[in-house]
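Reviewing the structure listed below.
Chains as they are written, first to last, in my numbering: chain A, 22 to 458; chain B, 2 to 180.
Spelled out as structure tokens, the structure:
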């Protein structure tokens, strides 16, 4: 499993900044080559009919795009492939894949079993070890082929890096249009790669800051659809919207608990915002903070025991951590600058945040004890990070320069692979879904 | 001071437009639609209007011209400047003269902050205006507050002058004014 070790090492080196000698005993030269994306060959999936081959071309295209976008892989140009396998169950001629310098080969086949069902078989081969890494079979309805492609990309990512993928996911965000002083903001959802964008609200009222439920097809967000702006729940399957709780004031900055059973948010009373926790089933609510300062942007640790939030109780916006009952409060940011919008990594090891310093905005990460701060991005405005479900990638809102419209961008935790995410028009406030079941 | 002056002129103009529909003394042809807004890179030039008539007593127009419907804040601040307090005194006097008037106090922020923090800051700005008006005798039941955070800029430019204009609390009359 040389390939897997090489990729893991590449990720670790990015993440920790360790120098090469630490791994010298593993006989893998990580000072060269392995920090380069791993080259893969992904021919179009085969089929015994033209409709099957058409789906096969599309599936291979989506897998190539997913893996390329991760920054960890380079998909070799299909025009360079020498062998054209007719039967993916037979061992490929490895020498012909080594010639084009592929480390691994993905081979797949599409079978339309009937008008309601497509089956996809795939095999991943290690070209240098000349071994079969794994094979999979998946079935779905014909129009659902993109999800099969994403699931295959996730399987490859997991097999080669040892970590779960993030391709079969969706992103909820705010689609923006119109002039700056009369902006239309709609709740929207799309696949992680920008496909299938759909508006969920009409644009006649402003919506902000959506967040995905970690366990259900549900979104929580701030809506100005009623006289008092309030936190709402949106059921993606039914389209039903409901205001969350009968609070005596404006509620905002909602986020789900890791078990999906509670929502934490800010409530404004007499101009003062405090953090409240609400049980979705019993609708019982508890106030967790009690200070005349701004207390907002709460985010749970993945084990549900702690909450990181934004407060200006020390004179400027900084990050604080408390236990889920409000006890053991302590400040974790002491660096120069104004810190806000914290989000706890799903892996638990890091907190991502927005930092405003010397006229620029940054996305950064630090450990929950406040140590190990790293700045990942810099722009006129970068804000509101959200984690991929595997904790390896962040999406955020960026305005590249003054007056440029906002767009969703992504960056790896390593600080590499900065990309603009495909959205229909201007976009902001992305929130990543968990892996779809 | 200059900014302040320009803005009050600008807002007088806006309210002339909105009041003109039912006012036969003014001839005004069209209201600029949202698609005609200037691109954000160009500065907004205040429209100079000469008033040739007196606003009707108790009207929204009179409120905005005689008292001013917006007060401004410093960066990340919700404390009221002397100028803001002077404007609010006039707002309170006017509201005390027209006790049927109800208002919405909307707190706004500039774009140099993150979204949720600005929602909290806007709530503070709206509330500090409400508290001040209550102290000047305005019944709190006549006032509701809302925060728009950085979502409702009135100056689209990305520069200091625009940011200081966009840090405000807007007193919007929602009912009880004469038309």
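Here a beta-carbon is modelled for each residue, glycine too, at the ideal position from N, C-alpha and C.
Using 8 Å as the limit for Cβ to Cβ distance, is residue i near chain A?
{"i": "residue 72(B)", "result": "no"}
{"i": "residue 116(B)", "result": "yes"}
{"i": "residue 63(B)", "result": "no"}
{"i": "residue 142(B)", "result": "no"}
{"i": "residue 152(B)", "result": "yes"}
{"i": "residue 169(B)", "result": "no"}
{"i": "residue 1(B)", "result": "Missing from the structure shown is residue 1(B); chain B here goes from 2 to 180 and no further."}
{"i": "residue 122(B)", "result": "yes"}
{"i": "residue 147(B)", "result": "yes"}
{"i": "residue 128(B)", "result": "yes"}
{"i": "residue 155(B)", "result": "yes"}
{"i": "residue 18(B)", "result": "Any reading at residue 18(B) must be qualified, since the residue scores a pLDDT of 35, below 50, and its modelled position is unreliable; the value itself is stated next. No, residue 18(B) does not count as interfacial toward chain A."}
{"i": "residue 161(B)", "result": "no"}
Near residue i, which residues of its chain fall below 6 Å by C-beta distance, leaving aside the five closest residues on each side in sequence?
{"i": "residue 140(A)", "result": "132, 134, 160"}
{"i": "residue 441(A)", "result": "428, 430"}
{"i": "residue 115(A)", "result": "148, 151"}
Are the C-beta atoms of residue i and some chain B residue less than 8 Å apart?
{"i": "residue 184(A)", "result": "no"}
{"i": "residue 404(A)", "result": "yes"}
{"i": "residue 291(A)", "result": "yes"}
{"i": "residue 271(A)", "result": "yes"}
{"i": "residue 100(A)", "result": "no"}
{"i": "residue 357(A)", "result": "no"}
{"i": "residue 446(A)", "result": "no"}
Note the first and the last residue of the continuous beta strand (DSSP E) segment covering residue i.
{"i": "residue 255(A)", "result": "251-256"}
{"i": "residue 383(A)", "result": "381-387"}
{"i": "residue 416(A)", "result": "414-420"}
{"i": "residue 298(A)", "result": "293-300"}
{"i": "residue 191(A)", "result": "191-198"}
{"i": "residue 319(A)", "result": "316-321"}
{"i": "residue 105(A)", "result": "From DSSP, residue 105(A) is part of no beta strand (DSSP E); its letter is neither H nor E."}
{"i": "residue 285(A)", "result": "283-290"}
{"i": "residue 229(A)", "result": "228-233"}
{"i": "residue 333(A)", "result": "Neither: residue 333(A) is in no beta strand (DSSP E) and is coded neither H nor E."}
Residue i lies in the alpha helix (DSSP H); which residues open and close that run?
{"i": "residue 1(B)", "result": "Not covered by the structure: residue 1(B). The range shown for chain B is 2 to 180."}
{"i": "residue 172(A)", "result": "166-182"}
{"i": "residue 61(B)", "result": "61-67"}
{"i": "residue 96(B)", "result": "83-98"}
Which value, in whole angstroms, describes the spacing of the CA atoms of residue i and residue j?
{"i": "residue 105(B)", "j": "residue 57(B)", "result": "21 Å"}
{"i": "residue 81(B)", "j": "residue 129(B)", "result": "8 Å"}
{"i": "residue 272(A)", "j": "residue 88(A)", "result": "40 Å"}
{"i": "residue 152(A)", "j": "residue 192(A)", "result": "36 Å"}
{"i": "residue 127(A)", "j": "residue 111(A)", "result": "13 Å"}
{"i": "residue 183(A)", "j": "residue 232(A)", "result": "27 Å"}
{"i": "residue 207(A)", "j": "residue 108(A)", "result": "48 Å"}
{"i": "residue 124(B)", "j": "residue 379(A)", "result": "26 Å"}
{"i": "residue 143(A)", "j": "residue 66(A)", "result": "8 Å"}
{"i": "residue 93(A)", "j": "residue 57(A)", "result": "8 Å"}
{"i": "residue 106(A)", "j": "residue 286(A)", "result": "55 Å"}
{"i": "residue 112(B)", "j": "residue 437(A)", "result": "27 Å"}
{"i": "residue 126(B)", "j": "residue 296(A)", "result": "19 Å"}
{"i": "residue 17(B)", "j": "residue 250(A)", "result": "Reliability of the predicted coordinates at residue 17(B) is poor, the pLDDT of 33 falling under 50, and no value is obtained from them."}
{"i": "residue 87(B)", "j": "residue 211(A)", "result": "50 Å"}
{"i": "residue 422(A)", "j": "residue 160(B)", "result": "12 Å"}
{"i": "residue 238(A)", "j": "residue 396(A)", "result": "33 Å"}
{"i": "residue 234(A)", "j": "residue 454(A)", "result": "7 Å"}
{"i": "residue 451(A)", "j": "residue 277(A)", "result": "15 Å"}
So, with DSSP's three-state summary, where would you put residue i?
{"i": "residue 115(A)", "result": "helix"}
{"i": "residue 121(B)", "result": "helix"}
{"i": "residue 75(A)", "result": "helix"}
{"i": "residue 148(A)", "result": "coil"}
{"i": "residue 440(A)", "result": "strand"}
{"i": "residue 13(B)", "result": "In this prediction, residue 13(B) has a pLDDT of 36, which is less than 50 and means its spatial position is unreliable; what the coordinates show is noted afterwards. The answer is helix: DSSP assigns residue 13(B) an H, G or I state."}
{"i": "residue 392(A)", "result": "coil"}
{"i": "residue 128(B)", "result": "helix"}
{"i": "residue 218(A)", "result": "coil"}
{"i": "residue 154(B)", "result": "coil"}
{"i": "residue 244(A)", "result": "strand"}
{"i": "residue 347(A)", "result": "coil"}
{"i": "residue 307(A)", "result": "strand"}
{"i": "residue 87(A)", "result": "helix"}
{"i": "residue 81(A)", "result": "helix"}
What residues in its chain sit with their C-beta under 7 Å from that of residue i, if we drop five residues either side in the sequence?
{"i": "residue 337(A)", "result": "359"}
{"i": "residue 90(B)", "result": "137"}
Suppose the cutoff is 8 Å on Cβ atoms and the five residues either side in sequence are ignored; what does the same chain contact list for residue i look like?
{"i": "residue 323(A)", "result": "279, 365, 366, 367, 368, 369"}
{"i": "residue 362(A)", "result": "318, 331, 374, 375, 404, 405, 406"}
Quick check: does the Cβ of residue i come within less than 7 Å of any heavy atom belonging to the ligand MG?
{"i": "residue 366(A)", "result": "For the ligand MG, the structure offers nothing, since it holds no ligand at all."}
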